[in-house]
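Residue numbers (our numbering), protein chains in the order written: chain F, 342 to 1000; chain B, 922 to 1116; chain C, 9 to 164.
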């Protein structure tokens, strides 16, 4: 009964979305306040119905209702409850429903917090969001119904891929989708702007928080996925340039460019057409990822079980949303004229450079991801594009990006000179150089890590220098605290996000110095790596809820001091007939000690031991970036719904800009 | 390009073209994706298929010992230039799709097509049991237990079947089982063409 | 239907999915410098039966065989290029994770340059339009000083 309620709720959501789209778009077109006013309650209605449908699916999973096909295929009664719940979105149908739920949440948020938007703009945004929801709810109902029944019900489900049975991965999709779908809102704002033919500072101010929120969630989602790969796949790798990873990186890059160019729109009313284009692009990239992962055209570890029929429907949806968006862009963007003027060397100039480089990196990632597919289709040739290509092609673009992201924030708007900007950062530059030289001195001729350390120190200190400079920490230290309190949160958030990038580069550089060893070890024997002794105490059985495991005990000593005891496992899942390795990781923040248990033979066990310097900083950096986004978001200037926006804005501009 | 006097009309036209560019790129991409999806349905586009680097070339030099108990001679590169087209089939007793393609190979062998077998990473006793139970379609049979010859051929799984023309050049490679469909639509016409 | 069945069976053939290697210590080269070289080479080579993994990251049978071959050849003193060529000759372009530069891949390798150039042209066009829309830009301080001088007024 409950699955039918879910199915019905979803159908109801489809009808409500249709109504919301009609009411929102037609109401705005006719300037009919009554129609426009109906869009918001309808958006709440869509949210309630989709949430109900989602709750029904989760219920089917928690109750292990084996009459539901989706549950049978993806769950099992022995699974821990958390993974039963996360199993609801660990498959194609359920993840689509989650996607739609988040879209409905965004619609609800625009309805609830968009009260101070011009009513026509709000109605249009809601209408366009409803159009997107309409397509995807229709897609679920037509091709991917998660509530389909199976009769007679099998005794139990077929389990979930054990590799996916992990807390990190349980929350990876929701965060990722919050990011992907968040860009639907900026997309809706862009389309609304194109319809109205107007983009102004106010528009930039409304778009930016959404871009920030979506980008921050996406940052977290990607980082969580990467972290999961790091500890779960047991290889010490954290990024593989897999097409599916690239599919999540593309909207991230476009969104990163968007939230920077939106600043220019807000502050200087320039780059309007470009910003609208980026808003369309960011969502377009999200949808492209959805298509690539689910259609079967792609060949990837992470791709969902696929079906060309579904692919065709998603492609049609893409044609409508991306094609429609770009068509409107070609037709209407002409109307938007720039007003702000700036010279190449200025804050805007640095932001333009940032956009150019971010978009070029996105172009490389896109080309690298799609080239094998199109070469196969057009030339009939098979190529592989893997990490060596991406690392080589992106490196020359990343270097100037680091320059732009450090120099930009310390330059005034409109017109600046390079020398004073560099002057503000001289000690950061010096420290960066010192780090580079130091790395060469300690680690020998390792170009990548040395450049990485240099860049990381430079980026982190430049962010600190920026804040110190703004609060006049050195010139007038007594007033610094007062100035710090007056500094807008957006400035803090921006600096923190930039510093987060530096922290991430620090981790990446550290990982460039990672070492590992692979040994067959008998109990009592030990292995030395990076100055530490790893002694295998023994291997024993360790039963789990739905798997059986062999667990090794490895003592790590630094001389005579016991650092930690690690317990890597090899688990075998009888239902899924799979074996996974669970790496044991001990971090002291300077390095991860990472041990993987391999096969047992000849009275010993194969141990692979990694020493990963600064590894946790990669994800810490990403978390700081997301946090920076969050802090910017909490800025009252950015948070449009805040009633006291005006006065704070005036004050913020004084403290924030030095032009 | 000179900066002198920007022609406003040309500039407007350029701008329009520029604004149309995203749509054009997206349209081309969409058409490509559509072709891929259609190709997935008809089998023309296969993201998992990998072409053989041997096509149009002579097979690598190799010499493999016979499988004891079959009475068949072993296989070496010299045996692949016989003046008539032939198939070279890599198989293993542990490979499920090999079981599926076996009847098709038997049918070809009955019709007089020369099939050379290579047992890939298989215990000789297991290969022997496999052939005893299901019949032997092979004219010659080499045993490649370390799988090194297979790597020289560029093999990436079993079964794989290569078609070699009368002058000893590899013309066609099938990765995966030769089904009846593939046999009738591809193998038999190719054998005729290269006869 | 038959097609799907076929695909399903094909999937059975090689080791599917992320077969991640813990590895076998016996396959490693005793000399750490050579082992490191072999790894660098191995990371350039795709495991044919798994998707988007290098032979160093995969426990698939074929990947192990190729790992061993790479190590044998490195131990024999072959240069990196020769080892890559050995595998490339047998498995074609698909095995190289860094696509070889040739006419068919020129567009791919040119992407960074194309993107930067297109962006630069776009920015130039944008600046021109801005200049046209907004009239002459503000004077610089130097220009203002000069103007003041010309007008015979004292400097600001």
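Every residue, glycine too, gets a C-beta built ideally from N, C-alpha and C.
Own chain, CB closer than 8 Å to residue i, minus 5 neighbours either side, in chain order
{"i": "residue 962 (chain F)", "result": "841, 842, 843, 844, 845, 846, 847 and 848"}
{"i": "residue 345 (chain F)", "result": "488"}
{"i": "residue 92 (chain C)", "result": "49, 52, 53 and 104"}
{"i": "residue 135 (chain C)", "result": "none"}
{"i": "residue 1110 (chain B)", "result": "none"}
Within-8 Å CB hit, residue i to chain C
{"i": "residue 584 (chain F)", "result": "yes"}
{"i": "residue 1038 (chain B)", "result": "no"}
{"i": "residue 922 (chain F)", "result": "yes"}
{"i": "residue 838 (chain F)", "result": "no"}
{"i": "residue 704 (chain F)", "result": "yes"}
{"i": "residue 971 (chain B)", "result": "yes"}
{"i": "residue 974 (chain B)", "result": "yes"}
8 Å Cβ cutoff, residue i in contact with chain F
{"i": "residue 123 (chain C)", "result": "yes"}
{"i": "residue 60 (chain C)", "result": "yes"}
{"i": "residue 955 (chain B)", "result": "yes"}
{"i": "residue 1096 (chain B)", "result": "no"}
{"i": "residue 962 (chain B)", "result": "yes"}
{"i": "residue 32 (chain C)", "result": "yes"}
Top-ranked residue by Cα proximity to residue i, from the options
{"i": "residue 793 (chain F)", "options": "F:826, F:820, F:819 and F:853", "result": "F:853"}
{"i": "residue 976 (chain F)", "options": "F:553, F:863 and F:528", "result": "F:553"}
{"i": "residue 597 (chain F)", "options": "F:472, F:835, F:654 and F:796", "result": "F:835"}
{"i": "residue 968 (chain B)", "options": "C:122, C:102, C:64 and C:72", "result": "C:102"}
{"i": "residue 113 (chain C)", "options": "F:671, F:372, F:807 and F:721", "result": "F:721"}
{"i": "residue 334 (chain F)", "options": "F:592, F:899 and F:948", "result": "Given a span of 342 to 1000 for chain F in the structure shown, any question on residue 334 (chain F) remains unanswerable."}
{"i": "residue 34 (chain C)", "options": "F:432, F:859 and F:718", "result": "F:859"}
{"i": "residue 767 (chain F)", "options": "F:790, F:782, F:798 and F:756", "result": "F:798"}
{"i": "residue 342 (chain F)", "options": "F:377, F:369, F:355 and F:407", "result": "F:407"}
{"i": "residue 1072 (chain B)", "options": "B:1028, B:994 and B:980", "result": "B:980"}
{"i": "residue 430 (chain F)", "options": "F:956, F:733, F:506 and F:915", "result": "F:506"}
{"i": "residue 941 (chain B)", "options": "F:672, F:542 and F:468", "result": "F:672"}
{"i": "residue 983 (chain B)", "options": "B:972, B:993 and B:1001", "result": "B:1001"}
{"i": "residue 106 (chain C)", "options": "C:89, C:81 and C:122", "result": "C:89"}
{"i": "residue 851 (chain F)", "options": "F:895, F:748, F:932 and F:904", "result": "F:932"}
is_contact[residue i, chain B] using C-beta, thresh 8 Å
{"i": "residue 602 (chain F)", "result": "no"}
{"i": "residue 656 (chain F)", "result": "yes"}
{"i": "residue 97 (chain C)", "result": "yes"}
{"i": "residue 950 (chain F)", "result": "no"}
{"i": "residue 664 (chain F)", "result": "yes"}
{"i": "residue 100 (chain C)", "result": "yes"}
{"i": "residue 638 (chain F)", "result": "yes"}
{"i": "residue 48 (chain C)", "result": "no"}
{"i": "residue 535 (chain F)", "result": "no"}
Neighbourhood of residue i by C-beta distance below 7 Å, restricted to the same chain and skipping five residues each side
{"i": "residue 575 (chain F)", "result": "922, 924 and 937"}
{"i": "residue 419 (chain F)", "result": "886 and 887"}
Amino acids of chain D, ordered along the chain, whose beta-carbon sits closer than 7 Å to that of residue i
{"i": "residue 653 (chain F)", "result": "Here the protein chains are F, B and C, and chain D is not one of them."}
Beta-carbon contacts of residue i that lie in its chain and below 6 Å, excluding the five residues immediately before and after
{"i": "residue 1021 (chain B)", "result": "1098"}
{"i": "residue 995 (chain B)", "result": "985, 986, 987 and 1063"}
Contact between the region 657 to 673 of chain F and the region 944 to 960 of chain B: three or more CB pairs below 8 Å? yes
Looking at C-beta atoms only, is the number of pairs between the region 508 to 519 of chain F and the region 426 to 439 of chain F that lie closer than 8 Å three or more? yes
Could you name the residues of the region 672 to 699 of chain F whose beta carbon sits closer than 7 Å to any beta carbon of chain B, in the order they occur along the chain? 674 and 675
Using Cβ-Cβ distances below 9 Å, what residues of the region 715 to 740 of chain F are close to chain B? 715, 717, 718, 719, 721, 722 and 723
Would you check if the region 727 to 747 of chain F and the region 692 to 701 of chain F touch, i.e. whether three or more CB-CB distances between them fall below 8 Å? yes
Counting pairs of Cβ atoms below 8 Å between the region 424 to 431 of chain F and the region 352 to 366 of chain F, do you hit three or more? no
Tell me which residues of the region 1051 to 1084 of chain B have at least one Cβ-Cβ distance to chain F shorter than 8 Å, keeping chain order. none
Tell me which residues of the region 61 to 94 of chain C have at least one Cβ-Cβ distance to chain B shorter than 8 Å, keeping chain order. 69, 70, 73, 74 and 77
Using a Cβ-Cβ cutoff of 8 Å, what residues of the region 930 to 956 of chain B are near chain F? List them in chain order. 936, 937, 940, 941, 943, 944, 947, 948, 950, 951, 953, 954, 955 and 956
Any contact between the region 520 to 534 of chain F and the region 938 to 957 of chain F? By contact I mean 3 or more CB pairs, one from each, below 8 Å. no
The region 572 to 591 of chain F touching the region 479 to 487 of chain F, judged by at least three CB pairs closer than 8 Å: no
Touch check for the region 705 to 717 of chain F and the region 755 to 770 of chain F: three-plus C-beta pairs under 8 Å? no
For the region 603 to 636 of chain F, list every residue whose C-beta sits within 9 Å of some C-beta in chain C, in sequence order. 611, 612, 614 and 615
Tell me whether the region 817 to 826 of chain F and the region 901 to 920 of chain F touch, counting them as touching only if at least three CB pairs, one residue from each stretch, are closer than 8 Å. no
Interface positions of the region 111 to 122 of chain C facing chain F (Cβ-Cβ less than 7 Å), listed along the chain: 112, 113, 116, 119 and 120
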